[in-house]
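A.B. asks:
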Amino acid sequence: MARLRLNIIFKLMVILATLHTSFADCSSKDFGRRSCGYISRKLLAMDKRKTDTEAQAPAFGKKPTIHTQENNEAPTGYKTRICESSGWYPEPKIQWTDSEENTLKSEDFVKYIDNITLYRVSSSIKQDDCSPATCRIRNERLDITRQKSVVISIGCWAAHHILRLVAVTAAVAILMCVVCYCWYTCKRKCCKKSKKTPKNPQKYRRLINLAEQPYVYNNRESWLL
């Protein structure tokens, strides 16, 4: 049995010597010792992990999920929205945008690798209940993007449109008041001008000339003042 064991170890040492030069000077008695092939075994293990990682095929993960939690530190009405997704390779990019496609600043970003070297990512933002937002996760190597949007409640939608309607109505009312004021001012100026100027200036001028002519009263020449 001992001879059989030595033969097996010898064959194993021959195979290891072909894989790395540090095993070439080791005998069957030295096998398993720290001084013989210890570093080489670690290097071989690292090279194997590196090869497995490089051979990992790109993958796009699950559709993002968004859940909301109360945030006591934020202002009243604000909550923390967390976007999560798993099953990505290589590491994806995660981004929050509003309804106008403007990028929102996220509070934190968390990532880790699971047992099969796939990435799981998480990002959060602080918003109120009536603010729309979209979470996008993108795999640039595959050029694939997955996204999830926050659904706004009917109450928020109605309140938003009512406020907009009130603002538009107020703006129209102010504009009409300005127009009416301008019209009234112009009309008043025109009326004052028309009172100062006679309607028939030629007839008015004849009366003035006639009044200035001399006439005889009781055989005396008099002037009309």
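In mature numbering (1 follows the signal peptide of the UniProt record, and there is no 0), the protein residues as written are -24 to -1, 1 to 201. Even for Gly, the Cβ is constructed at its ideal location relative to N, Cα and C.
First and last residue of the beta strand (DSSP E) that includes residue 57?
C.D. replies: For residue 57, the enclosing beta strand (DSSP E) begins and ends at 54 to 64.
A.B. asks: Would you say residue 79 touches the ligand FAD, meaning its beta carbon is less than 7 Å from a heavy atom?
C.D. replies: The ligand FAD is absent from the structure shown, which contains no ligand whatsoever.
A.B. asks: For residue 206, does the count of other Cβ atoms within 10 angstroms reach 16, so buried, or fall short, so exposed?
C.D. replies: Outside the shown range of the chain (-24 to 201) lies residue 206, about which nothing can therefore be said.
A.B. asks: Would you tell me roughly how many angstroms separate the C-alpha atoms of residue 62 and residue 150, rounded to the nearest one?
C.D. replies: 54 Å
A.B. asks: If we call anything under 8 Å between Cβ atoms a contact, is residue 68 one with residue 86?
C.D. replies: no
A.B. asks: Since residue 92 is in the beta strand (DSSP E), which residue starts that stretch and which ends it?
C.D. replies: Unbroken run through residue 92: none, as it is neither H nor E.
A.B. asks: Can you give the beta carbon distance from residue 117 to residue 34, rounded, assuming they're within the 8 Å contact cut?
C.D. replies: 5 Å
A.B. asks: For residue 110 and residue 128, what's the separation of their Cα atoms in angstroms?
C.D. replies: 11 Å
A.B. asks: So, for residue 71: in the same chain, excluding its five sequence neighbours on each side, which residues have a beta-carbon less than 7 Å away from its beta-carbon?
C.D. replies: 79, 112
A.B. asks: Rounded to the nearest angstrom, what separates residue 155 and residue 130 at their Cα positions?
C.D. replies: Between residue 155 and residue 130, the C-alpha separation is close to 38 Å.
A.B. asks: Among 57, 91, 107, 66, which has the Cα closest to the Cα of residue 83?
C.D. replies: 57
A.B. asks: Which residues bound the beta strand (DSSP E) around residue 115?
C.D. replies: 110 to 115
A.B. asks: My output table needs one value for residue 165: the three-state DSSP class, helix, strand or coil.
C.D. replies: helix
A.B. asks: Is residue 29 helix, strand or coil when you go by DSSP?
C.D. replies: Residue placement at residue 29 is flagged as unreliable, the pLDDT there being 47, under the threshold of 50; a coordinate-derived value is accordingly withheld.
A.B. asks: Give the DSSP bridge partners of residue 46, in chain order.
C.D. replies: 55
A.B. asks: Ends of the beta strand (DSSP E) at residue 128?
C.D. replies: That residue, residue 128, is in no beta strand (DSSP E); it is neither H nor E in DSSP.
A.B. asks: Taking DSSP as the reference, what is the three-state secondary structure of residue 80?
C.D. replies: strand
A.B. asks: Locate the beta strand (DSSP E) running through residue 39, then write down its first and last residues.
C.D. replies: Note, residue 39: premise wrong, no beta strand (DSSP E); not H, not E.
A.B. asks: Given a threshold of 16 other Cβ atoms within 10 Å of its Cβ, counted over all protein chains shown, does residue 208 qualify as buried or as exposed?
C.D. replies: Given a span of -24 to 201 for the chain in the structure shown, any question on residue 208 remains unanswerable.
A.B. asks: Exposed or buried, which one is residue 162 when buried takes at least 16 other CB atoms within 10 Å?
C.D. replies: exposed
A.B. asks: Using 8 Å as the threshold, is the C-beta distance between residue 107 and residue 59 below it?
C.D. replies: no
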